[in-house]
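Below is one structure; the comments refer to it alone.
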Amino acid sequence: MKKVIVVGVLGVIVAALAAYYFYSDENMPAASGGRGPAIVEVTLPDHFTPGAMAGKTLYDKNCVSCHGTNAAGQDGVAPPLIHKIYEPGHHGDGAFFRAVAQGVRAHHWPFGNMPAIEGLNQTEVALIIRYVREIQQASGIR
Numbered sequence: 009m010k011k012v013i014v015v016g017v018l019g020v021i022v023a024a025l026a027a028y029y030f031y032s033d034e035n036m037p038a039a040s041g042g043r044g045p046a047i048v049e050v051t052l053p054d055h056f057t058p059g060a061m062a063g064k065t066l067y068d069k070n071c072v073s074c075h076g077t078n079a080a081g082q083d084g085v086a087p088p089l090i091h092k093i094y095e096p097g098h099h100g101d102g103a104f105f106r107a108v109a110q111g112v113r114a115h116h117w118p119f120g121n122m123p124a125i126e127g128l129n130q131t132e133v134a135l136i137i138r139y140v141r142e143i144q145q146a147s148g149i150r
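Numbering (this note's numbering), first residue to last: 9 to 150.
As structure tokens, then:
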């Protein structure tokens with residue numbers, strides 16, 4: 009009986025340490041990018057509109073850890089949003105609103121499912137979309 013309790017306690021300790029390691033700040037993606045190298049090269053516009061600048065701030069706070077700096081994606085983490093798959097004619101703005109609100113089941117990329125992103129309102133999501141669309145346009149995605 010004592011061996012079972014000791015093994016159980018050790019299992020809980022190991023699980024707690026693993027969770028701490030995985031979720032600690034030093035192992036989470038950095039605010040300026042993340043864990044994997046960029047998947048695509050992006051071209052930034054000469055200047056962003058004020059709405060896109062506000063969207064960049066929100067993107068950097070809520071999206072960069074997965075989708076990478078300037079939405080270039082991260083190898084092994086998440087897809088680039090600066091890609092023809094996400095052009096307005098294929099993934100309109102509504103797809104971005106739904107992805108943030110409901111998450112997305114993996115369908116174009118082998119990265120797994122995207123969880124819903126909490127804490128963003130419709131106006132903030134629209135600003136993020138504006139930021140992404142301006143980079144797409146500068147990168148030749150229309």
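Backbone N, C-alpha and C fix where the C-beta goes; we use that ideal spot for every residue, glycine too. Small disclaimer: the values here were computed from a predicted structure and weren't measured.
State the start and end residues of the unbroken alpha helix (DSSP H) segment that holds residue i.
{"i": "G102", "result": "101-110"}
{"i": "M61", "result": "58-70"}
{"i": "L135", "result": "130-146"}
Are residue i and residue j close, meaning C-beta to C-beta below 7 Å?
{"i": "G59", "j": "R138", "result": "yes"}
{"i": "A146", "j": "P53", "result": "yes"}
When the Cα atoms are used, what is the spatial distance from residue i to residue j?
{"i": "T57", "j": "V108", "result": "22 Å"}
{"i": "H55", "j": "D83", "result": "27 Å"}
{"i": "N70", "j": "A124", "result": "11 Å"}
{"i": "F105", "j": "H98", "result": "14 Å"}
{"i": "G44", "j": "V50", "result": "16 Å"}
{"i": "Q144", "j": "S73", "result": "19 Å"}
Tell me whether residue i is buried or exposed, calling it buried when 16 or more other Cβ atoms sit within 10 Å of its Cβ.
{"i": "A114", "result": "exposed"}
{"i": "G120", "result": "exposed"}
{"i": "E142", "result": "buried"}
{"i": "G63", "result": "buried"}
{"i": "G102", "result": "exposed"}
{"i": "T131", "result": "exposed"}
Quick test of your reading: residue i and residue j, contact by CB under 8 Å. State the CB separation rounded to the nearest angstrom.
{"i": "I136", "j": "K92", "result": "In fact, because the Cβ distance is near 19 Å, the residues do not count as touching under 8 Å."}
{"i": "V133", "j": "A79", "result": "V133 to A79, Cβ: 14 Å. No contact."}
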